[in-house]
Amino acid sequence: MSHLQAFAEIARRIAVPAAVALVFALARKYMPPPPESTQVSSELTEEFSKLQWGLALVMILVAATFAYGSYTFLLWANGLLAGRDNPAILTLLPERAIWCFFPLFGAASLTWELTFIAWSTFGNRQRAMKYAAWSNAKMGFNATRVLRILIVFVALPIGCLTLLALPLHTSFDQDGLKIGGYASLRSTYHPYSDIKTVLTVDGVRLRDGTLQHSPAIVLEFADGSRWSSADNRGRQKEIDPTLLALLQEKTHLTVQSIEAESFGK
Numbered sequence: 141m142s143h144l145q146a147f148a149e150i151a152r153r154i155a156v157p158a159a160v161a162l163v164f165a166l167a168r169k170y171m172p173p174p175p176e177s178t179q180v181s182s183e184l185t186e187e188f189s190k191l192q193w194g195l196a197l198v199m200i201l202v203a204a205t206f207a208y209g210s211y212t213f214l215l216w217a218n219g220l221l222a223g224r225d226n227p228a229i230l231t232l233l234p235e236r237a238i239w240c241f242f243p244l245f246g247a248a249s250l251t252w253e254l255t256f257i258a259w260s261t262f263g264n265r266q267r268a269m270k271y272a273a274w275s276n277a278k279m280g281f282n283a284t285r286v287l288r289i290l291i292v293f294v295a296l297p298i299g300c301l302t303l304l305a306l307p308l309h310t311s312f313d314q315d316g317l318k319i320g321g322y323a324s325l326r327s328t329y330h331p332y333s334d335i336k337t338v339l340t341v342d343g344v345r346l347r348d349g350t351l352q353h354s355p356a357i358v359l360e361f362a363d364g365s366r367w368s369s370a371d372n373r374g375r376q377k378e379i380d381p382t383l384l385a386l387l388q389e390k391t392h393l394t395v396q397s398i399e400a401e402s403f404g405k
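Residue numbers (the numbering used here): 141 to 405.
If you want it as structure tokens, here you go:
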């Protein structure tokens with residue numbers, strides 16, 4: 141490993157802890173706890189010190205429920221939009237990992253807000269507000285405000301960008317393939333006769349010359365556009381024989397094989 145690669149690896153490992161530490165430092169400086177946070181009685185302080193552990197378990201359950209529920213919904217919605225192309229011989233859906241970003245960031249920033257709303261609605265609102273004030277004083281900054289800023293500037297944009305990815309898919313029918321693009325409910329259709337080249341590639345050649353193993357089928361169309369199976373499904377260990385056989389049957393083209401494509405091509 142070169143010195144540059146070693147430095148990049150160290151930077152990658154410390155990036156998140158450094159970012160968290162920076163956020164805490166800025167929050168303590170620019171968003172101190174509101175004045176009422178210091179007015180919590182000693183009796184409530186003792187009570188809340190015990191309550192925080194039970195509330196932490198509740199928040200973990202809320203976070204897990206939100207993350208799993210939103211992830212499941214995104215998977216379902218993606219499949220539902222792809223299903224509009226039926227009848228299809230084969231449908232490829234994008235890598236499932238892309239549906240994890242919003243559930244994770246949403247759970248991190250929304251859990252306290254959801255817990256507070258539920259506590260205020262179904263429990264004692266005044267007690268919930270006093271707990272929030274006590275928690276702010278303990279953290280040394282207005283944690284509720286910080287989390288709401290994260291909701292607006294992090295979770296919400298990620299959620300919007302994720303929703304725009306729901307149409308992503310590729311479906312193959314008897315006459316051609318339909319490619320669902322980002323932020324578009326209208327699929328691009330290519331008849332099999334538009335396919336001029338069928339390539340199989342072992343992976344991608346990175347800028348440093350190393351080969352990143354990522355087997356894929358690449359199609360080149362008459363209009364100059366390209367399609368890669370690597371962009372339309374989870375990472376595969378080998379070329380999908382079912383998809384390759386379908387393309388050979390429909391296009392009657394000789395499959396060309398190359399070791400790798402250049403990064404960014």
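Glycine included, every Cβ here is placed at the ideal spot set by N, Cα and C.
Buried or exposed (CB count within 10 angstroms, at least 16 for buried), residue i
i    : result
I257 : exposed
W274 : buried
L197 : exposed
T231 : buried
N226 : exposed
P307 : buried
S311 : buried
A203 : buried
F213 : exposed
K318 : buried
W193 : exposed
Other residues of its chain near residue i: CB distance less than 7 Å, five sequence neighbours each side excluded
i    : result
A124 : What is shown of the chain runs 141 to 405, which leaves residue 124 out entirely.
L233 : N218, G219, A222, H309, R373
Rounded Cβ spacing between residue i and residue j (contact assumed at less than 8 Å)
i    : j    : result
E235 : G321 : Wrong, their Cβ atoms sit about 16 Å apart, outside the cutoff.
F206 : T261 : In fact, because the Cβ distance is near 17 Å, the residues do not count as touching under 8 Å.
L386 : I229 : 6 Å
D334 : F361 : 5 Å
Euclidean distance between Cα positions of residue i and residue j
i    : j    : result
L162 : W239 : 28 Å
A283 : F164 : 9 Å
R265 : L254 : 13 Å
L166 : L191 : 28 Å
Y271 : P297 : 29 Å
L195 : G364 : 57 Å
V338 : P331 : 14 Å
A237 : Y211 : 10 Å
G223 : F242 : 23 Å
N218 : H309 : 8 Å
E378 : V395 : 15 Å
Q305 : V358 : As written in the sequence, residue 305 is Ala, which differs from the Gln given in the question. Roughly 21 Å separates the two Cα atoms.
L290 : S249 : 6 Å
L303 : M269 : 33 Å
I200 : R288 : 18 Å
V221 : S327 : One point to set straight first is that residue 221 is Leu, not Val, in the sequence displayed. When rounded, the distance between both Cα atoms is 10 Å.
G316 : Y329 : 7 Å
E183 : W259 : 20 Å
P157 : G280 : 18 Å
L301 : R152 : 24 Å
Bounding residues of the beta strand (DSSP E) (the contiguous stretch that carries residue i)
i    : result
P355 : 351-361
Y271 : Unbroken run through Y271 is the alpha helix (DSSP H), 265-279; no beta strand (DSSP E).
K336 : 335-345
P331 : 328-331
T394 : Where T394 is concerned, there is no enclosing beta strand (DSSP E), given that its DSSP letter is neither H nor E.
G320 : 316-320
Endpoints, the alpha helix (DSSP H) within which residue i is located
i    : result
V202 : 182-222
R288 : 283-290
P173 : Element bounds for P173: n/a, residue is neither H nor E.
S249 : 241-262
L233 : Taken as a continuous stretch (DSSP letters only), L233 belongs to no alpha helix (DSSP H), as it is neither H nor E.
Cutoff 6 Å; reference residue i; Cβ partners in own chain excluding five residues on either side
i    : result
K390 : Y332
R285 : M171
S397 : T340
L393 : V338
Q376 : P355
K336 : E360, A362
Cβ neighbours of residue i in the same chain (closer than 8 Å, five flanking residues each side left out)
i    : result
G246 : F206, A207, S210, A295, I298, G299
S324 : P307
D313 : D225, P227, A228, I229
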